[in-house]
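Chemist: According to numbering that gives the first Met the number 0, the sequence shown holds residues 0 to 212 in order.
This is the structure, below, for whatever I ask next.
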Amino acid sequence: MLTAKLNVKPKFSMKTQVLMSLCLSACLIKQALAVFTYTDLVDTPRRLTLQIGSSQFGTVNTVSFNVSGESLTNNTPIIGKPSDSAWTQPTSPTNGILFRVTSQIPTSLANTIQTVKFTVDAPLGLSCQNGSGCGSAIIPFNTISWVAYQRDSSGLDMNDGVFAGGTTQTLFDLSTENAGLKIENTLVFHYANDTVYPAGQYTGRVIYTASLP
Numbered sequence: 000m001l002t003a004k005l006n007v008k009p010k011f012s013m014k015t016q017v018l019m020s021l022c023l024s025a026c027l028i029k030q031a032l033a034v035f036t037y038t039d040l041v042d043t044p045r046r047l048t049l050q051i052g053s054s055q056f057g058t059v060n061t062v063s064f065n066v067s068g069e070s071l072t073n074n075t076p077i078i079g080k081p082s083d084s085a086w087t088q089p090t091s092p093t094n095g096i097l098f099r100v101t102s103q104i105p106t107s108l109a110n111t112i113q114t115v116k117f118t119v120d121a122p123l124g125l126s127c128q129n130g131s132g133c134g135s136a137i138i139p140f141n142t143i144s145w146v147a148y149q150r151d152s153s154g155l156d157m158n159d160g161v162f163a164g165g166t167t168q169t170l171f172d173l174s175t176e177n178a179g180l181k182i183e184n185t186l187v188f189h190y191a192n193d194t195v196y197p198a199g200q201y202t203g204r205v206i207y208t209a210s211l212p
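Right, dumping it as structure tokens:
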């Protein structure tokens with residue numbers, strides 16, 4: 000789940016804050032590990048784990064984008080800053096957020112196709128927060144993009160992208176036979192900053208879902 004907050008100060012001093020609240024939604028929820036790995040069948044029940052940011056289940060993390068002063072009108076993309084609760088590995092790029100998806104497939108399901116799908120849903124835009132002064136203005140969600148790190152050479156894990164807004168996006172869709180998956184990427188988010196919006200605070204939310212039908 001992503002909550003985006005854009006704080007814009009009057010007099011051409013715009014403060015853009017995108018707060019990425021990350022909540023998990025999963026059909027059979029589970030946990031993953033480094034980069035892209037196929038894992039052996041197990042003697043335990045089938046499981047799927049999704050972790051975004053904090054390893055503490057239920058924690059909603061945020062990423063904020065602040066635009067002010069010269070950056071307000073120079074069209075330079077703004078890098079998002081995660082909240083303190085968003086866990087980042089020591090080796091992660093600055094301001095990165097960890098994304099982990101792991102599936103465990105039992106031996107009882109040997110020789111069957113198991114498909115892990117990871118999607119994200121974002122609204123059309125970030126809406127002005129009541130009382131912040133921006134009225135009915137909306138900032139399109141496709142002004143927010145991400146760069147994926149620790150990518151596998153196969154290209155089957157998470158890639159760079161941008162929120163489409165108003166639709167479900169598939170981030171990866173992988174099928175295995177006689178194996179589970181461990182996928183881990185670190186994402187750094189960016190706000191395009193190519194349009195000046197009315198001063199105020201804008202909020203939005205995206206939902207990430209991992210599924211193993």
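No residue lacks a Cβ here, since even glycine has one placed at the ideal position from N, Cα and C.
None of the values given here were measured: they were computed from a predicted structure.
Just to confirm the assignment, what range does the beta strand (DSSP E) spanning Y196 have?
Modeler: If you number the sequence shown from 1, residue 196 lands on position 197. No beta strand (DSSP E) holds Y196; DSSP gives it neither H nor E.
Chemist: With DSSP run on the structure shown, which of helix, strand or coil describes N177?
Modeler: As a first step, residue 177 is located in the sequence shown; it is residue number 178 there, counting from the start. N177: coil per DSSP, three-state reduction.
Chemist: Whole angstroms are fine: how far does the CA of S144 sit from the CA of G160?
Modeler: The residue given as residue 160 occupies position 161 in the sequence shown. The residue given as residue 144 occupies position 145 in the sequence shown. G160 and S144: Cα-Cα distance of roughly 6 Å.
Chemist: P248: buried (16+ other C-beta within 10 angstroms of its C-beta) or exposed?
Modeler: Residue numbering for the chain in the displayed model covers 0 to 212; residue 248 lies beyond these limits and cannot be assessed.
Chemist: Of the residues S53, D156, C133, which one's Cα is nearest the Cα of L97?
Modeler: As a working mapping, residue 97 is identified with position 98 in the sequence shown. Measuring from the Cα of L97, the nearest candidate turns out to be S53.
Chemist: Look at the Cβ atom of S67, then the Cβ atom of K80, and state whether they are nearer than 7 Å.
Modeler: Stepping through the sequence shown from its first residue, residue 67 is reached at position 68. Stepping through the sequence shown from its first residue, residue 80 is reached at position 81. No, these two residues do not count as a Cβ contact at 7 Å.
Chemist: Do A209 and L49 count as a contact pair if the criterion is CB distance below 7 Å?
Modeler: Taking the sequence shown and counting its residues from 1, one reaches residue 49 at position 50. Taking the sequence shown and counting its residues from 1, one reaches residue 209 at position 210. In contact: L49 and A209 (Cβ atoms closer than 7 Å).
Chemist: Are the stretch 36-43 and the stretch 98-105 in contact at 8 Å, needing three or more beta carbon pairs?
Modeler: Cβ pair count under 8 Å is three or more, so yes.
Chemist: Have a look at K29 and R46 and give me their C-alpha separation to the nearest angstrom.
Modeler: In the sequence shown, the residue the question calls residue 29 occupies position 30. In the sequence shown, the residue the question calls residue 46 occupies position 47. Its pLDDT being 34, under 50, K29 is placed unreliably in this model, and the value from its coordinates should be taken loosely. Near 6 Å, if we compare the C-alpha coordinates of R46 and K29.
Chemist: For a test of the three-state rule: what should DSSP assign to N73, helix, strand or coil?
Modeler: Locating residue 73 in the sequence shown gives position 74, counting from the first residue. Correct three-state label for N73: coil.
Chemist: Can you give me the Cβ contacts of E176 inside the same chain, cut-off strictly under 8 Å, excluding the 5 residues immediately before and after it?
Modeler: Residue 176 sits at position 177 when you count from the first residue of the sequence shown. Closer than 8 Å at the Cβ level, and outside the excluded window around E176, lie N110, T111, I112, Q113.
Chemist: G154: buried (16+ other C-beta within 10 angstroms of its C-beta) or exposed?
Modeler: The count along the sequence shown starts at 1 and reaches residue 154 at position 155. Exposed: under 16 other Cβ atoms inside 10 Å.
Chemist: Does DSSP put L211 in a helix, in a strand, or in coil?
Modeler: What you label residue 211 is simply residue 212 of the sequence shown in a count that begins at 1. Coil at L211, not helix or strand.
Chemist: Using CA coordinates, which residue listed in I78, T202, K181 is at the minimum distance from Q149?
Modeler: Sequence index remark: in the sequence shown, residue 149 carries index 150 (1-based). Cα-wise, what sits closest to Q149 is K181.
Chemist: Assuming L125 is part of the beta strand (DSSP E), what are its boundary residues?
Modeler: Numbered from its first residue, the sequence shown carries residue 125 at position 126. Per DSSP, L125 belongs to the beta strand (DSSP E) from 124-127.
Chemist: Give the C-beta separation of T118 and T185 to the nearest angstrom, bearing in mind that I take them to be a contact with Cβ-Cβ under 8 Å.
Modeler: In the sequence shown, the residue the question calls residue 118 occupies position 119. In the sequence shown, the residue the question calls residue 185 occupies position 186. The pair is not a contact, with the Cβ atoms about 19 Å apart (cut-off 8 Å).
Chemist: Which class does T142 belong to by DSSP, given the choice of helix, strand or coil?
Modeler: Along the sequence shown, one-based indexing puts residue 142 at 143. Helix.
Chemist: Give the single residue among T202, P212, L211 whose Cα lies nearest to the Cα of S126.
Modeler: The sequence position of residue 126 within the sequence shown is 127, counting from 1. Closest by alpha carbon: T202.
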